[in-house]
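Trainee: Respectively, the protein sequence lines represent chains A and B. Residue numbers are given in the working numbering: position 281 of the first sequence equals residue 281, and the series is strictly consecutive. To convert, take the position in the second sequence, counting from 1, and add 330; that gives the working numbering.
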Amino acid sequence: MSEIRDPALAARVHLPSPAGAALLSCTSVTKTFGSRVAVDGVSFEVAPGSVYGLLGPNGAGKTTTIKMVCGLLDPDSGSITIAGRSTRGDISVRDLVGYVPQDVALYPDLTAAENLEFLGRLYRLRGSLLAERVSEALALTDLSDRRGDRVDSFSGGMKRRLNIAAGLLHHPSLLVLDEPTVGVDPQSRHAILERVRALQETGMAVLYTTHYMEEAERVCDRVGIMDQGKLIAEGSRRELVARLGEKDRIDLIASGNLEKLAEACRAVAGVEQAAVADGRVHLVAEDGRRVLPALIEAAGRSGVAINSVEVSEADLEAVFLHLTGTALRE
Amino acid sequence: MAASLVIARKDLRQRLRDRSALTIGLIAPVAIAALMSLAFRGADTFHYTLGVVDADHGPVAAGLLQALQQPSLRHVVTVRIIPTEADAARQVKGKEVAAALVIPAGFSNAASGTAQTSLRTLSSVNNTIAASVTESIASSFVAQINADRLSVATAIAAGAPSSAVPDLTAAASKLQLPEQLTQRPLGAHAVKAISYMAPAMAIFFLFFTISFTARSFFVDRTQGMIERMRAAPIRPLEILLGKALSVFVFGVASLTAIAVITSAVFGADWGSPLAAGTVCLAMVIAVVCLTALVIGLARTQRQAEGIASAVIFVLALLGGNFIFISVAPSIMRRIALFTPNGWALRAFTDLSTTGGGMGAVVVPVLAILGFSSVVGAGAVLLARRAVTS
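#1: If you measure from the CB of Pro293 of chain A, is any heavy atom of the ligand ATP nearer than 7 angstroms?
#2: Taking only beta carbons into account, state which residues of the stretch 558–585 of chain B come closer than 8 angstroms to chain A, listed in chain order.
#3: Would you mind telling me which residues of chain B sit closer than 9 angstroms to Asp95 of chain A, beta carbon to beta carbon, in chain order?
#4: Would Leu106 of chain A pass as a contact of Leu140 of chain A if the rule is Cβ separation under 8 angstroms?
#5: Using a Cβ-Cβ cut-off of less than 7 angstroms, list which residues of the stretch 336–348 of chain B approach chain A; keep chain order.
#6: Can you check which of these residues, B:Met531, B:Pro496, B:Pro603, B:Ile569, is closest to Ala690 of chain B by C-alpha distance?
#7: Anyone know if the C-beta pair for Ile569 of chain B and Val336 of chain B falls short of 8 angstroms?
#8: Starting from the C-beta of Asp550 of chain B, find all residues in its chain whose C-beta is less than 7 angstroms away, skip the five residues before and the five after it, and write them out in chain order.
#9: For Gly706 of chain B, I'd like the list of residues in its chain whose CB is within less than 6 angstroms of its CB, leaving aside the five on either flank, ordered along the chain.
#10: Helix or strand or just coil, what does DSSP make of Lys522 of chain B?
#11: Quick one: what does DSSP say Lys425 of chain B is sitting in, helix, strand or coil?
#12: With 8 angstroms as the threshold, decide whether the Cβ of Ala275 of chain A is near any Cβ in chain B.
#13: If we cut at 8 angstroms on Cβ distances, does Ser173 of chain A have a partner in chain B?
#14: List, in chain order, every chain A residue whose beta-carbon is nearer than 7 angstroms to that of Gly554 of chain B.
#15: Specify, as a first and last residue, the run of the beta strand (DSSP E) that Leu231 of chain A falls within.
#16: Are the beta-carbon atoms of Gly98 of chain A and Leu24 of chain A separated by less than 8 angstroms?
#17: Quick one: grab the DSSP three-state call for Thr683 of chain B.
#18: From which residue to which residue does the alpha helix (DSSP H) around Arg290 of chain A run?
#19: Is Val427 of chain B closer than 8 angstroms to Arg410 of chain B when the C-beta atoms are compared?
#20: To the nearest angstrom, how far is the alpha carbon of Ala651 of chain B from that of Leu675 of chain B?
#21: Could you tell me whether the Cβ of Ala333 of chain B comes closer than 8 angstroms to any Cβ of chain A?
#22: Kindly provide the ranges of any beta strand (DSSP E) runs that are 3 or more residues long and lie completely inside the stretch 176–250 of chain A, ordered along the chain.
#23: Which stretch, first to last residue, makes up the alpha helix (DSSP H) that contains Val614 of chain B?
#24: In whole angstroms, give me the CA-to-CA distance for Leu321 of chain A and Asp251 of chain A.
#25: Mind pulling the alpha helix (DSSP H) runs of 4 or more residues that sit fully within the stretch 337–407 of chain B?
#26: In terms of residues, what are the limits of the alpha helix (DSSP H) holding Asp478 of chain B?
#27: Whose Cβ in chain B lies nearer than 7 angstroms to the Cβ of Asp109 of chain A?
#28: Would you kindly work out how many angstroms separate the C-alpha atoms of Ser255 of chain A and Glu263 of chain A, rounded to a whole number?
#29: Looking at the strands, I want to know which residues DSSP matches up with Phe44 of chain A.
#30: Establish whether the CB of Tyr123 of chain A and some CB of chain B are separated by less than 8 angstroms.
#31: Strictly below 9 angstroms CB to CB, what residues from chain B border Cys26 of chain A?
#32: Leaving out five residues before and five after Ala598 of chain B in sequence, what residues of the same chain have Cβ atoms less than 6 angstroms from its Cβ?
#33: Give the list of continuous alpha helix (DSSP H) stretches no shorter than 4 residues that lie fully inside the stretch 85–170 of chain A.
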């Protein structure tokens with residue numbers, strides 16, 4: 001999985017849209033379930049050969065958005081086009097999309113090859129072409145030697161890889177990955193991210209949802225930050241971080257009442273945002289090193305002992321905190 | 331349609347890989363049909379041994395023995411002469427004979443005289459049918475004796491000499507019994523237990539396909555496979571059609587295999603292959619529609635299993651899969667005709683007993699298809715939602 005240049009990948013052709021045009025275009029897309037607005041006027045575009053990340057906490061509307069992109073849900077308003085064709089009512093446009101759902105969607109009582117053959121046939125692949133594509137997909141995900149084994153004998157990481165392989169069988173122009181690394185060990189996660197990059201280099205467009213900031217920073221060319229159904233910011237990592245100016249990200253690892261510490265930190269001059277997540281207090285501040293003494297003093301006043309402090313340049317996590325006032329993984 | 335075939339093929343592959351499918355689709359129905367036909371063996375033919383104690387040795391007793399041993403009763407009763415009433419009682423108790431009839435001494439004389447005497451039956455609670463038949467024979471014979479007495483008395487009153495009474499009495503006793511016990515098959519042939527139980531159990535276990543398929547649908551949905559299929563360029567109806575097709579193929583294969591095995595091994599009579607096949611096809615269509623209805627009604631796997639179980643047992647109980655519906659009370663027979671399996675079993679019974687062809691199954695098949703169309707219409711509306719929600 002670590003090899004990026006792959007002859008099988010290089011042979012792919014993913015150019016159904018004119019050069020320079022967006023492959024996927026979402027315009028003012030809205031979806032409600034009862035009184036809850038799951039997706040609220042979201043617009044973004046994904047170009048061929050690029051990875052677009054939808055970043056946001058659980059419940060932000062990422063999965064609903066990609067289900068509309070895949071034609072599994074119809075938007076209440078707005079439009080979604082793939083290679084200029086609307087996803088509404090035209091099932092043939094799904095030939096252009098490879099969907100990799102968040103949870104592993106495979107038959108545990110079938111072998112890896114049987115699963116892929118079944119799904120390939122749904123995309124009208126037959127005979128030698130189907131056999132070729134199954135072998136190719138298994139090779140791409142390093143599962144060739146397990147092709148005859150039942151999926152219920154696979155490790156979690158292997159299932160994830162096969163889950164991705166199933167989305168690649170028909171050589172889609174747009175690969176939609178819904179949180180593909182949730183619950184995956186670090187090694188498999190690394191392998192999956194490498195593979196996504198490799199696919200992007202072949203010209204495939206990738207729509208990638210995650211709530212892991214570091215994944216978005218690593219694989220995505222552009223990132224859309226979603227919160228409460230809205231796309232609250234969009235751009236490359238550099239563009240998004242630049243919005244913060246010269247701000248720093250500060251993480252306080254402390255023991256005691258972290259909410260009380262966050263409250264105390266908010267009162268410190270220079271601190272813009274403070275939120276608690278993952279057993280830490282995350283801060284965005286004008287000049288991290290300058291405000292540190294005041295933060296330690298505030299912690300002492302609130303009766304919380306700080307165990308360690310990390311000061312770093314602003315990143316997408318800081319951007320999210322800056323924009324929403326909450327940490328990404330709250 | 332191609333996608334439906336792909337889905338059906340995959341479902342069948344999974345089902346055949348699951349050994350429980352072979353058990354439910356073939357082994358269990360054949361085994362239970364065989365066991366139930368053994369249990370009901372006495373219901374299609376009845377034969378017993380009757381002990382007779384002749385303490386009279388007169389002409390009337392001889393007439394009764396002759397009547398009991400006449401050819402038309404041979405397939406119902408075998409007569410065994412027993413010397414004494416005590417021996418007869420012992421043999422009834424020891425189940426050596428099912429019942430006994432005691433012809434008391436002086437029985438023939440009493441028939442032509444004024445002394446009162448009577449036939450006695452000895453029976454056991456272990457064989458009430460034999461007791462009833464024996465009492466029936468005895469009653470009808472006594473009735474004939476009385477009729478003979480009346481005819482002799484009439485002859486004497488008309489001027490016959492009294493010296494002719496013994497001859498008249500002997501002649502009257504040789505007359506054939508007015509009441510006879512004979513088998514009454516429903517049609518041209520008697521229905522054999524296996525010929526009823528084989529299709530009854532085949533249909534009952536076919537119903538389990540409803541539960542199996544509905545459960546697998548919801549497992550597919552929980553595992554995200556329905557969503558994954560929907561992300562492919564196929565329509566929701568094609569997914570449903572694929573599921574239905576797998577039920578259809580499995581059902582037809584199961585019924586065909588059961589019919590062949592029960593016919594070849596147990597001698598079950600399914601009737602004309604064409605007519606029986608038509609009934610089987612109609613029944614499988616009904617099961618397909620019922621499966622779709624259960625999928626449409628349920629929201630979860632647990633609900634699907636609950637609804638399917640209710641459907642299976644209510645239909646099996648009402649339709650007559652566990653009993654001979656032809657001997658059930660008329661209300662039960664009427665209720666059975668509200669079920670597709672009730673109509674199917676009626677058709678199979680007709681095919682087995684009358685030897686009829688397609689003409690015998692037209693009405694049942696139309697009734698089953700009518701049931702299917704009503705259920706299927708509701709199912710299509712409901713089940714589409716199950717796929718797309």
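Heads up, the beta-carbon is just placed ideally off N, CA and C, and yes, glycines get one too. Bear in mind the structure is a predicted one, so any value in this text is a computation, not a measurement.
Mentor: The answer reads as follows:
#1: In terms of ligand content, the structure shown is empty, and the ligand ATP therefore cannot be addressed.
#2: Arg558, Met559, Arg560, Ala561, Ala562, Pro563, Ile564, Arg565
#3: Ala562, Pro563
#4: no
#5: Val336, Lys340, Gln344, Arg347
#6: B:Pro603
#7: no
#8: Ile556
#9: Cys619
#10: coil
#11: coil
#12: no
#13: no
#14: Pro101, Asp103, Ala105
#15: 230–235
#16: no
#17: helix
#18: 288–301
#19: yes
#20: According to the sequence provided, residue 651 of chain B is Asn. The question's Ala does not apply to it. Going by the C-alpha atoms only, they are around 8 angstroms apart.
#21: yes
#22: 205–210, 222–227, 230–235
#23: 603–627
#24: 12 angstroms
#25: 349–352, 358–369, 371–374, 389–398
#26: 458–487
#27: Gln344, Arg347
#28: 15 angstroms
#29: A:Cys26
#30: yes
#31: Near Cys26 of chain A there are no residues of chain B at all, since even the closest Cβ is about 17 angstroms away, more than 9 angstroms.
#32: Ile524, Ser525, Ala528, Thr592
#33: 112–122, 127–140, 156–168
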